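To keep things clear, I will list the structure first and then write my remarks on it.
Residue numbers (this note's numbering), protein chains in the order written: chain A, 1 to 111; chain B, 112 to 224.
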């Protein structure tokens, strides 16, 4: 079945550092790929998505590129802020079958 | 206007009780879901409904029963609650088309004591 693997945290960075959270997937066909973010005590919010190979999703300074050849969708941000502290989930799928999520990466940004 | 709303947000109850979590979406979507998030933050789909019909029913104890009175509502009933049912339950909705965004509610924090 489909699966998503992402680096497990916690990942601790200083403010203004460069962020990369790795995500790779296994799936039949070419699924849509998503990054969701969960702030403490809150629900899940879509951060960005890409629906086909080589698409780049971007939002709030975050970016991720759909790489079919490496089955990856790594999340990057050039300069993180304390307010970016949250749990980040990579996911694939969508549609009536819903999403398959990775285990989540807890990101902690220190001032 | 909250797109996907679920109630209650917090629920503390004793083992053996029966409880319900309600969910409503005002996005006009055809597909609704229930997800469970465990204490390690792992998210797993429980059920998926499309136009009030059950599409996905993952390996979930039959103490859990979803009910969809109409396209905009998907409620979750849980009978004979157990300690292991303690988790955060998320309702979500989408158009049901691959690639379209799935919108999540704020979550319902269930604690069984």
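All C-beta atoms, glycine included, are put in the ideal place defined by N, C-alpha and C.
Please read all numbers here as calculations on a predicted model, not as lab measurements.
So what does residue 128 of chain B bridge to, in DSSP terms? According to DSSP, which records beta bridges pairwise, residue 128 of chain B is partnered with nothing at all.
Local conformation of residue 84 of chain A per DSSP, three classes: helix
Let me make sure I understand the geometry here. Which of A:91, A:84, A:97, A:98 has the alpha-carbon closest to that of residue 109 of chain A? A:84
Just checking, does the segment 169-176 of chain B make contact with the segment 4-17 of chain A on the three C-beta pairs under 8 Å criterion? no
Are the beta-carbon atoms belonging to residue 182 of chain B and residue 129 of chain B less than 8 Å from one another? no
Beta-carbon within less than 7 Å of residue 59 of chain A's beta-carbon, same chain only, minus the 5 sequence neighbours each way: which residues are those? 47, 48
Please decide whether residue 175 of chain B counts as near chain A, where near means a Cβ-Cβ distance under 8 Å. Chain A has no Cβ within less than 8 Å of the Cβ of residue 175 of chain B.
CB contact flag (residue 154 of chain B, residue 62 of chain A, <8 Å): No, the Cβ-Cβ distance between residue 154 of chain B and residue 62 of chain A is not below 8 Å.
Beta-carbon separation (whole angstroms), residue 91 of chain A vs residue 34 of chain A, contact threshold 8 Å: 5 Å
Spatial neighbours of residue 199 of chain B within its chain, please: CB distance less than 6 Å, with the 5 preceding and 5 following residues excluded, ordered by chain position. 148, 218, 220
With a cut-off of 8 Å, does the C-beta of residue 163 of chain B fall near any C-beta of chain D? Included in the structure are the protein chains A and B, with no chain D among them.
What is the rounded straight-line gap between the Cα of residue 159 of chain B and the Cα of residue 64 of chain A? 28 Å
Span separating the alpha-carbon of residue 93 of chain A from that of residue 216 of chain B: Residue 93 of chain A and residue 216 of chain B: Cα-Cα distance of roughly 19 Å.
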